[in-house]
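Quick mapping for you: the protein sequence lines, in order, are chains A and B.
Heads up: the first sequence begins at 161 in the numbering used here, then just goes up one per residue.
Heads up: the second sequence begins at 2 in the numbering used here, then just goes up one per residue.
Note that beta-carbon positions come from the ideal geometry of N, C-alpha and C, so glycine has one too.
The model shown is predicted, which means the values in this text are computed figures rather than measured ones.
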Amino acid sequence: MTAPALEVSGLAYAYPDGSPALRGVDLRIERGERVALLGPNGAGKTTLVLHLNGILSGGPGEVRVGGRTVGRDSLREVRRLVGIVFQDPDDQLFLPTVAEDVAFGPANLGLRGPALDARVRWALERVGMADAAGRAPHHLSFGQRRRVAVATVLAMEPEVLVLDEPSSNLDPAARRELADILTGLDVTVLMVTHDLPYALQLCPRSVVLSGGRLVADGPTGRLLADTGLLAAHRLELPYGFDPRNLPVSAPVVGDGT
Amino acid sequence: MSGGHAHGGHLPRDSPVHRLPPECKLLAAVAFLLVVVSTPRGWWPAYAGYAVLLAAVAGLARVPVGTVLRRTVVEVPFVLFAVAIPFVARGPRIEVLGLSVSRPGLESAGTILAKATLGVLTSILLVATTEQRALLAGLERLRLPPRLVQIAAFMLRYAEVIAAELRRMRIARESRCFRARSVRAWRPLAHAAGALFVRCYERGERVHLAMLSRGYTGTMPAGPGAAAAPRSWAAVAVLPAAAGLVLAAVGTVLR
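Written out as C-alpha cells, the structure is:
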C-alpha cells in the first residue's frame with residue numbers, strides 16, 4: 161500500500177490577528193484522484209492550499225505529501241511534489257518570455273542545458289502552447305496565459321497539481337480546452353473552485369470547506385444534488401443547472417469516503 | 002494593445018550594431034557620454050562632431066533618423082527648463098531678437114541643451130539596437146548586483162500590467178462620470194493612486210508567493226552567459242575613442 165498523495169491531519173491555522181482560518185482539517189487524497197475543493201469566500205480554501213507546499217505553517221496539525229511531512233527540511237522536495245497554479249496568471253508569469261518562465265521552476269531544481277530545454281518543451285506541449293515559447297506572456301490571451309501558468313508548474317513534474325479557480329475569467333472555449341488538458345494529465349489534482357459544473361465535469365470527488373472545517377466529502381454528483389448542504393454553505397448552482405439531469409456523470413475514481 | 006510600446010523602443014534589425022553584445026554597447030555608451038559631459042562649456046564644434054558620430058552609428062544600425070528625432074520629445078520638459086536660464090542668469094547682457102538675455106546664461110543653456118540632447122540620442126540608439134532583456138543580461142554580465150537587475154526585470158515585466166490596471170481604473174472612474182477638471186478632482190485621483198499602490202504591493206506579494214512555490218531561493222537560476230569576444234570590445238571602443246579625438250582636436254584649435 162503506497163502512501164496517499166496528500167494527507168492533511170488536524171490542521172489548524174489562525175491569521176496573525178488571531179482570527180481562525182482553519183479549525184482542524186483532515187483530508188486524504190489518493191494518487192491519481194481528481195478532487196474539487198469547494199466552499200464560500202472566506203472559508204479558508206486558499207489558506208489550506210498554501211499549507212500544502214509549506215508557504216504557510218506554524219499551526220497545529222500536519223501535512224504529508226507522498227508520505228513526507230511538510231516541514232522546514234522538506235520544503236524544496238515538497239514544493240517540487242506539490243505544484244500550485246495561482247488564480248491570476250500575471251502573478252505566476254513574471255519573466256520576459258514563456259520559455260524562460262516555464263524554465264524557472266525546473267532550473268530552481270537544478271536542471272540545466274538540453275535537459276532543461278527538453279523539459280520546457282515537454283511542459284508546453286502538454287498544454288498545447290509549444291508555439292508560444294519565445295513570446296512575451298503579456299502578449300498572450302488570458303486563456304493562453306492560464307495554460308502557460310499550468311505548464312510552469314507541470315515543468316516541475318509535480319505529483320499533486322493544485323489549481324486555484326482554474327476556470328475563472330475563461331471564455332467557454334478556453335474553459336473546455338483547459339478541461340481537456342487537465343483530464344489528460346497523469347497527476348493527482350486538487351482544484352479549488354466556485355464553478356460547480358466544472359467541478360462535476362472534472363472531479364469525481366469533492367470536499368466542502370466552510371468556516372475552516374471540512375463539512376462534506378463525497379462523490380461530486382451526490383454533493384451537488386444535496387440542496388440543503390449547498391444552501392447551508394453558500395454554494396449555488398448556475399440557474400437552470402441540475403446535476404441529476406445529466407445523462408452521464410464523470411467516472412468515479414475514488415469511493416470518496 | 003500597444004504593441005509598439007511593448008518592446009520598449011527596440012527596433013528589430015539585422016545590423017552590425019544590433020549584433021554587438023549588450024554589455025559592450027552599454028559600456029561604450031557610458032564612456033561616450035563621459036567624454037560628452039567632460040567637454041567644456043561652449044565648445045560648439047565638439048558637440049557637432051559628437052552628433053556626427055551618433056549619426057554614423059544610427060546609419061550603421063539602420064535606425065531611421067525620423068524615428069530617433071520623434072523619440073527625442075522625452076527631452077521637452079528639460080528644454081523648457083534650459084530656455085529659462087538665459088533670462089534669470091546674471092552677467093553681461095546681450096540682445097537676442099530684441100530681448101535682453103545674460104550672455105553666460107545663454108552659453109550655459111546651449112551647453113546643457115547640447116549635452117542633454119546627445120545623452121538622449123545615445124540612449125535612444127542604445128535602446129533601439131538592444132532588446133530589453135539583452136540589456137538586463139548585459140548589466141548582469143557587467144557584474145551589477147543581481148538583486149538590482151532582478152528589480153529592473155520585474156519593473157519591465159510588470160509596467161504593462163500596472164499600466165493596464167491604471168487604464169481600467171480610469172475607465173471605471175470615467176464611466177461614473179468623473180472628469181478631472183478642477184482641484185476638487187485631486188482627492189479621488191489621490192485615492193486612486195493609493196489604491197494602485199496597495200494593489201501593486203499585494204501583487205508583489207502574490208508574485209513572490211508564486212515564485213516560492215516554484216522553489217525560488219533568492220537567486221535567479223539562469224546565470225550570466227558567455228563573455229563578449231575581444232573583437233566586440235574593440236568594435237565598440239571606436240565610438241568613445243572617436244569622441245575623445247574630436248574633443249582633443251577641438252581643444253587644440255580653440256586654445
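> Taking V208/B as the reference, which of P65/B, L190/B, M156/B, V247/B has the closest Cα?
Replying inline: Looking at the Cα atoms, M156/B is the closest of the given residues.
> With respect to the alpha helix (DSSP H) encompassing G184/A, which residues constitute its N-terminal and C-terminal limits?
Replying inline: Run containing G184/A: none in the alpha helix (DSSP H); it sits in the beta strand (DSSP E), 180-189.
>> Just to confirm the assignment: which complete alpha helix (DSSP H) runs, minimum length 4, are found wholly within the region 372-404 of chain A?
In response: As for any alpha helix (DSSP H) of minimum length 4 sitting wholly inside the region 372-404 of chain A, the runs are 380-385, 387-392, ordered along the chain.
> Name the chain B residues whose beta carbon is nearer than 7 Å to that of F264/A?
Replying inline: Within chain B, the residues near F264/A are R215, P222.
> Looking at R42/B and the ligand SAH, is the gap between the Cβ and the nearest heavy atom below 8 Å?
Replying inline: You won't find the ligand SAH in this model; it holds no ligand whatsoever.
> Rounded to a whole number of angstroms, what is the C-alpha to C-alpha distance between R224/A and N213/A?
Replying inline: Distance between the alpha carbons of R224/A and N213/A: 10 Å.
> Should L119/B be labelled buried (16 or more other beta-carbon atoms within 10 Å of its own) or exposed?
Replying inline: Within 10 angstroms of the beta-carbon of L119/B lie 16 or more other beta-carbons, which makes it buried.
>> Quick check on the DSSP output: the beta strand (DSSP E) that includes E222/A runs from which residue to which?
In response: Where E222/A is concerned, the enclosing beta strand (DSSP E) stretches over 222-225.
> Do you know whose CA, among A333/A, K205/A, G294/A, V280/A, lies nearest V310/A's CA?
Replying inline: Nearest in C-alpha terms to V310/A, of all of A333/A, K205/A, G294/A, V280/A, is V280/A.
> What are the partner residues of T257/A, as DSSP defines its beta bridges?
Replying inline: In the DSSP output, where bridge partners are listed per residue, T257/A has none listed.
> For R335/A, does the three-state DSSP call read helix, strand or coil?
Replying inline: In this structure, R335/A counts as helix in the three-state DSSP scheme.
> Under 8 Å Cβ-Cβ, which residues of chain A neighbour E155/B?
Replying inline: Sequence check: residue 155/B is Phe here, not Glu. Simply F254.
> With respect to the beta strand (DSSP E) encompassing I215/A, which residues constitute its N-terminal and C-terminal limits?
Replying inline: Run containing I215/A: none; DSSP gives neither H nor E here.
>> Give me the subset of the region 132-150 of chain B whose CB atoms are less than 9 Å from a CB atom of chain A, sorted by chain position.
In response: Across the region 132-150 of chain B, CB contacts with chain A closer than 9 Å involve E132, Q133, R134, L137, in sequence order along the chain.
> Is L100/B helix, strand or coil by DSSP?
Replying inline: Strand, per DSSP.
> Is it the case that the Cβ atoms of L171/A and D186/A are separated by a distance below 9 Å?
Replying inline: A contact, by the Cβ cut-off of 9 Å.
>> Am I right that A29/B and V254/B are in contact with their C-beta atoms under 8 Å? What's the rounded C-beta distance?
In response: Cβ atoms of A29/B and V254/B stay farther apart than 8 Å, at about 26 Å.
> Which word fits R256/B, buried or exposed, when buried means at least 16 other C-beta atoms lie within 10 angstroms of its C-beta?
Replying inline: Result: exposed.
>> Could you tell me which whole alpha helix (DSSP H) segments of length 4 or greater appear in the region 254-330 of chain A?
In response: Counting whole runs of 4 or more residues, the region 254-330 of chain A contains the alpha helix (DSSP H) stretches 258-268, 273-286, 302-314.
> So what's S183/B in DSSP terms, helix, strand or just coil?
Replying inline: Under the three-state reduction of DSSP, S183/B is assigned to coil, being neither helix nor strand.
>> Within the continuous alpha helix (DSSP H) that includes Y217/B, where are the two ends?
In response: Element bounds for Y217/B: n/a, residue is neither H nor E.
> For D233/A, does the count of other Cβ atoms within 10 angstroms reach 16, so buried, or fall short, so exposed?
Replying inline: Classification of D233/A: exposed, given that the 10 Å Cβ count is below 16.
>> The beta strand (DSSP E) that contains R194/A, what's its start and end?
In response: Note, R194/A: beta strand (DSSP E), 194-198.
> With DSSP run on the structure shown, which of helix, strand or coil describes L171/A?
Replying inline: If DSSP states are grouped into helix, strand and coil, L171/A belongs with the strands.
> Roughly how far, in whole angstroms, is the beta-carbon of E24/B from the beta-carbon of A229/B, given that I think they are within contact range, below 8 Å?
Replying inline: The Cβ separation is near 6 Å, so the contact holds.
>> So, for D278/A: in the same chain, excluding its five sequence neighbours on each side, which residues have a beta-carbon less than 8 Å away from its beta-carbon?
In response: A quick correction: the sequence has Ala, not Asp, at residue 278/A. Cβ within range, chain order: n/a, list empty.
> Checking contacts by CB at 9 Å: is R232/A closer than that to chain B?
Replying inline: Any Cβ of chain B closer than 9 Å to the Cβ of R232/A would place that residue at the interface, and such an atom is absent.
> Exposed or buried, which one is D402/A when buried takes at least 16 other CB atoms within 10 Å?
Replying inline: Taking every protein chain shown into account, the CB of D402/A has fewer than 16 other CB atoms within 10 angstroms, so this residue is exposed.
> Are the C-beta atoms of N213/A and some chain B residue less than 9 Å apart?
Replying inline: Cβ-Cβ to chain B under 9 Å: yes for N213/A.
> Excluding sequence positions up to five away, which residues of its chain have a Cβ less than 6 Å from the Cβ of G416/A?
Replying inline: Here the model assigns G416/A a pLDDT of 41, short of 50, so the residue's position is not dependable and the matter cannot be decided.
> Does any residue of chain B bring its CB to less than 9 Å from the CB of L321/A?
Replying inline: Not an interface residue.
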